[in-house]
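Asks: Going left to right, the sequence shown walks through residues 151 to 605 as this note's numbering numbers them.
Even for Gly, the Cβ is constructed at its ideal location relative to N, Cα and C.
Dumping the structure here so I can ask a few things about it.
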Amino acid sequence: MDSTQAFSLNQEDNEQFIHRNSDQQKRGDQGYGKSPIRFAMLIMVMLAFLINQNCYDLNNIGTPDYLYYVEPFYYLIFFLMSVKWIEEWGLYRTFCFALIIQTFALWFGRSLNEKVFQTDLVGPTVGELLNSLAQVLIFNSITKVTSSWFDHRERIIATGLILIAFHFGNLTTQYYLNHVPADDSKPFDWQYENFRYYLEAYWLGLAIVNFGLFLLFAFFFKHQPDQMPSKSQTDRNKPFNFHLQIGTLIQEKNAKLIYGMCTFFLIYIFSSPYNFRWYVFEEAVGNEFNTVREDIQPYLYMAGILITSILITFKPNYKMALAITIIGNMLFTFIGELGYLIPNKTVFFFGYCAQGFFNGALKLIVYELITEISFPVSAGLSIACLHVIAKPCILAVTLVSDQSDDAYQGTDAINHIFNDIIQFVYLVGLAICLVLVAKVDLKTKRLDVDLLHQH
């Protein structure tokens, strides 16, 4: 099969593609290079991801656990719809639609309060239902955005910056809520109304900013750069064909194995340092854990993303990077678990924070590696396929975690044997993946094409 058959060309790109091809024939050039406005595009995309995570956090303040289950479930039920939007309707329409939904999510999350429905649950529920749909659309397009606007030397750093912005959304919400003015001498009802006032003000402010971001996208976001950034993007000369690309992906040697490993990595990143250690470690080390969890570990997580993106940019060896990252996660997961079992707070804090660094590194590698090994299958479809497998698994793990927390909460943390077993299951899984990485051939086909045709 000719590799160009599987490249995507959405409807919004068609006229520009034809126009650009005509101009290129007149000029006699190859039509690819760097766009001077690519950084403005990146900043707007980063803001969209940051606000989405802020909205997620606001919707889950003081609400039942069921809202945590909406987002992973949406990746399953909106799989085909998100692929259609990204690949057939294009990034411009996808982001405009997502930002409109996100604006309504923020507005309804604030406005549908107890004054309207006699309960504070309706607003966050409606808000999360809308915000999760927006997240599916923008997150499934993450590497399509970066590969469309940045060449092979820049796109992995751009992907890393978007992931950092998404993670930073958690910190901005937490920082704001931690600095809400309070007066413990006042009655509880007064304190609650005071907190709700500042909470709704933050909601409103984000809704206004998000609407402004939508206007920027609508009037200034370009469908695609005038010149494609790399050879792997300029060869898109066929309409998007879902069945053809899925068939190409299924037939790809080692694709199922690599998708399986990356699914396990996303489950591990999501749940190992968070779900199965939340109540356990909080009971074991008290308030000191909050300082580590909120003020140290998140920044090491983001540092792991940034440093890894820079290193891979200069030395694009995914096999070596993945092996080192897996070893680091194994080592510090074990150290964190050991520090908990001894127990020794210093050992635990060190293991937990270092694990955050390697979690961030692993997450970046997962998204870029999936896009690389799936080429010439579209980046949007490859990421959507990863999410449709991984997110339901994460949902199942979250349900198990919540059940274990309910069962063990209030008992001595040392009796949480279930949580210890889970950590060792992850260690075994990482060890198996390390062996598979050593044996499997991780072909970076997209990168090879770009390096072959670089100027």
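Could you give the residue range of the alpha helix (DSSP H) that holds Arg303?
Replies: Here the question's residue 303 lines up with position 153 in the sequence shown. Looking at the DSSP string, Arg303 is not in any alpha helix (DSSP H), and its letter there is neither H nor E.
Asks: For Phe426, count the other beta carbons within 10 Å of its own beta carbon; 16 or more makes it buried, fewer makes it exposed. Which is it?
Replies: Taking the sequence shown and counting its residues from 1, one reaches residue 426 at position 276. Because the pLDDT of Phe426 is 45, which lies under 50, any placement of that residue in the model is unreliable, and the question is left without a value.
Asks: For the alpha helix (DSSP H) that contains Gly489, what are its first and last residues?
Replies: As a first step, residue 489 is located in the sequence shown; it is residue number 339 there, counting from the start. That run of the alpha helix (DSSP H) goes 468-491.
Asks: CA-CA distance, Gln161 and Glu522?
Replies: The residue given as residue 161 occupies position 11 in the sequence shown. The residue given as residue 522 occupies position 372 in the sequence shown. Caution is warranted here: a pLDDT of 46 is assigned to Gln161, below 50, making its placement in the model unreliable, and the coordinate value is therefore given only provisionally. Rounded to whole angstroms, Gln161 to Glu522 spans 24 Å at the Cα level.
Asks: According to the neighbour-count rule (16 or more other Cβ atoms, all chains shown, within 10 Å of its Cβ), is Ala534 buried or exposed?
Replies: In the sequence shown, counting from the first residue as 1, residue 534 sits at position 384. Label assigned to Ala534: buried.
Asks: Measure the alpha-carbon distance for Ile288 versus Ala471 and round it to whole angstroms.
Replies: Within the sequence shown, the letter at position 138 stands for residue 288. Within the sequence shown, the letter at position 321 stands for residue 471. Answer to the nearest angstrom: the Cα atoms are 26 Å apart.
Asks: Does the distance from the C-beta atom of Ser291 to that of Glu221 stay below 8 Å?
Replies: Position 141 of the sequence shown, counted from the start, is the residue given in the question as residue 291. Position 71 of the sequence shown, counted from the start, is the residue given in the question as residue 221. Result no, Cβ atoms of Ser291 and Glu221 do not sit closer than 8 Å.
Asks: Which word fits Gly506, buried or exposed, when buried means at least 16 other C-beta atoms lie within 10 angstroms of its C-beta?
Replies: If you number the sequence shown from 1, residue 506 lands on position 356. When all chains shown are included, Gly506 counts as buried.
Asks: Ala284 and Ala255: beta carbons closer than 8 Å?
Replies: Mapped onto the sequence shown, residue 284 falls at position 134. Mapped onto the sequence shown, residue 255 falls at position 105. In this structure, Ala255 lies closer than 8 Å to Ala284 by Cβ.
Asks: Hey, out of Gly319, Ala351, Ile408, whose CA is closest to Ile539's CA?
Replies: Here residue 539 refers to the residue found at position 389 of the sequence shown. Comparing Cα positions, the closest option is Ile408.
Asks: Who are the Cβ neighbours of Asp552 in its own chain at under 6 Å, not counting the five residues just before and after it?
Replies: Residue 552 sits at position 402 when you count from the first residue of the sequence shown. Excluding sequence neighbours, Asp552 sits near Asp215.
Asks: Below 8 Å, can you find three or more Cβ-Cβ pairs linking the region 293-304 to the region 454-461?
Replies: No, they do not touch.
Asks: Can you tell me whether Val195 is helix, strand or coil according to DSSP?
Replies: What you label residue 195 is simply residue 45 of the sequence shown in a count that begins at 1. Reduced to three states, the DSSP call for Val195 is helix.
Asks: Going by beta carbon distance, what residues of the same chain come within less than 8 Å of Val442, once the five residues before and after it are set aside?
Replies: Working through the sequence shown from its first residue, we reach residue 442 at position 292. These residues qualify, in order along the chain: Phe499, Tyr502, Cys503.
Asks: Can you name, in chain order, every residue of its own chain whose Cβ lies under 7 Å from the Cβ of Leu354, other than the five neighbours on each side?
Replies: Translated into the one-based positions of the sequence shown, residue 354 becomes position 204. Within the same chain, Leu354 has close Cβ partners Arg260.
Asks: With a threshold of 16 other CB atoms inside 10 Å of the CB of Tyr347, please say whether the residue is buried or exposed.
Replies: Locating residue 347 in the sequence shown gives position 197, counting from the first residue. Flag for Tyr347 reads exposed.
Asks: For Thr275, which residues in the same chain have their Cβ closer than 7 Å to its Cβ, ignoring the five residues on either side in sequence?
Replies: Start at 1 with the first residue of the sequence shown, and residue 275 comes out as number 125. Excluding positions up to five away in sequence, the list reads Leu217.
Asks: Is the beta carbon of Phe390 less than 8 Å from the beta carbon of Ser528?
Replies: For the purposes of this step, residue 390 is taken as residue 240 along the sequence shown, with counting starting at 1. For the purposes of this step, residue 528 is taken as residue 378 along the sequence shown, with counting starting at 1. Yes, the pair counts as a contact, with Cβ atoms nearer than the cut-off.
Asks: Give the range of the alpha helix (DSSP H) segment to which Thr253 is assigned.
Replies: The residue given as residue 253 occupies position 103 in the sequence shown. Residues 240-261.
Asks: Need the endpoints of the alpha helix (DSSP H) that Pro607 sits in, please.
Replies: As shown, the chain starts at 151 and ends at 605. That puts residue 607 outside it, with no answer to give.
Asks: Straight-line CA distance for Leu311 to Val330?
Replies: Sequence index remark: in the sequence shown, residue 311 carries index 161 (1-based). Sequence index remark: in the sequence shown, residue 330 carries index 180 (1-based). One C-alpha to the other measures close to 29 Å.
Asks: Who are the Cβ neighbours of Leu366 in its own chain at under 8 Å, not counting the five residues just before and after it?
Replies: Locating residue 366 in the sequence shown gives position 216, where the first residue counts as 1. Contacts found: Met194.
Asks: If you reduce the DSSP assignment to three classes, tell me which class Ala534 lands in.
Replies: Within the sequence shown, residue 534 is the residue found at index 384, counting from 1. Helix at Ala534.
Asks: Would the beta-carbon of Val295 fall within 8 Å of that of Tyr225?
Replies: On the sequence shown, residue 295 is found 145 positions in, with the first residue counted as 1. On the sequence shown, residue 225 is found 75 positions in, with the first residue counted as 1. No, the Cβ-Cβ distance between Val295 and Tyr225 is not below 8 Å.
Asks: Would DSSP call Ile307 helix, strand or coil?
Replies: As a working mapping, residue 307 is identified with position 157 in the sequence shown. Here Ile307 sits in helix by DSSP.
Asks: Taking the straight line between their C-alpha atoms, what separation do you get for Ser361 and Ile250?
Replies: Your numbering for residue 361 matches position 211 in the sequence shown. Your numbering for residue 250 matches position 100 in the sequence shown. Here residue 361 turns out to be Phe, not Ser, going by the sequence shown. If I take the Cα positions, the gap works out to 7 Å.
Asks: Please confirm whether Leu512 and Thr548 have their CB atoms less than 8 Å apart.
Replies: Numbered from 1 along the sequence shown, position 362 holds the residue referred to as residue 512. Numbered from 1 along the sequence shown, position 398 holds the residue referred to as residue 548. Not closer than 8 Å, so no.
Asks: What does the Cβ neighbour count give for Asn479, buried or exposed, with the cut at 16 atoms within 10 Å?
Replies: The residue given as residue 479 occupies position 329 in the sequence shown. By the neighbour-count rule (16 or more Cβ atoms within 10 Å), Asn479 is buried.
Asks: Since Ile455 and Leu514 should fall inside the 8 Å C-beta cutoff, what is the C-beta to C-beta distance between them, to a whole number of angstroms?
Replies: For the purposes of this step, residue 455 is taken as residue 305 along the sequence shown, with counting starting at 1. For the purposes of this step, residue 514 is taken as residue 364 along the sequence shown, with counting starting at 1. Contact holds; Cβ gap of about 5 Å.
Asks: DSSP on Arg177, reduced to helix/strand/coil?
Replies: One-based indexing of the sequence shown puts residue 177 at position 27. Confidence at Arg177 is low in this model, with a pLDDT of 37, below 50, so its placement is unreliable and the value that follows should be read with caution. In this structure, Arg177 counts as helix in the three-state DSSP scheme.
Asks: Does His373 come out as helix, strand or coil in the three-state DSSP assignment?
Replies: Position 223 of the sequence shown, counted from the start, is the residue given in the question as residue 373. Note: His373 maps to coil in three-state DSSP.
Asks: Considering only the alpha carbon of each residue, which of Lys381, Asp570, Glu350 lies closest to Ile211?
Replies: Here residue 211 is taken as the residue at index 61 of the sequence shown, counted from 1. Taking only the C-alpha atoms, the option nearest Ile211 is Glu350.
Asks: With distances taken from CA atoms, which of Leu230, Cys205, Ile400, Met378 is nearest Tyr352?
Replies: Counting from 1 along the sequence shown, the entry for residue 352 is found at position 202. Here the closest residue by C-alpha is Cys205.
Asks: Just reading off the alpha helix (DSSP H) that Leu592 is part of, what are its end residues?
Replies: Stepping through the sequence shown from its first residue, residue 592 is reached at position 442. Unbroken run through Leu592: none, as it is neither H nor E.
Asks: Going by the beta-carbon positions, is the gap between Gln252 and Asn202 smaller than 8 Å?
Replies: Along the sequence shown, read from residue 1 onward, the residue named residue 252 stands at position 102. Along the sequence shown, read from residue 1 onward, the residue named residue 202 stands at position 52. Result yes, Cβ atoms of Gln252 and Asn202 sit closer than 8 Å.
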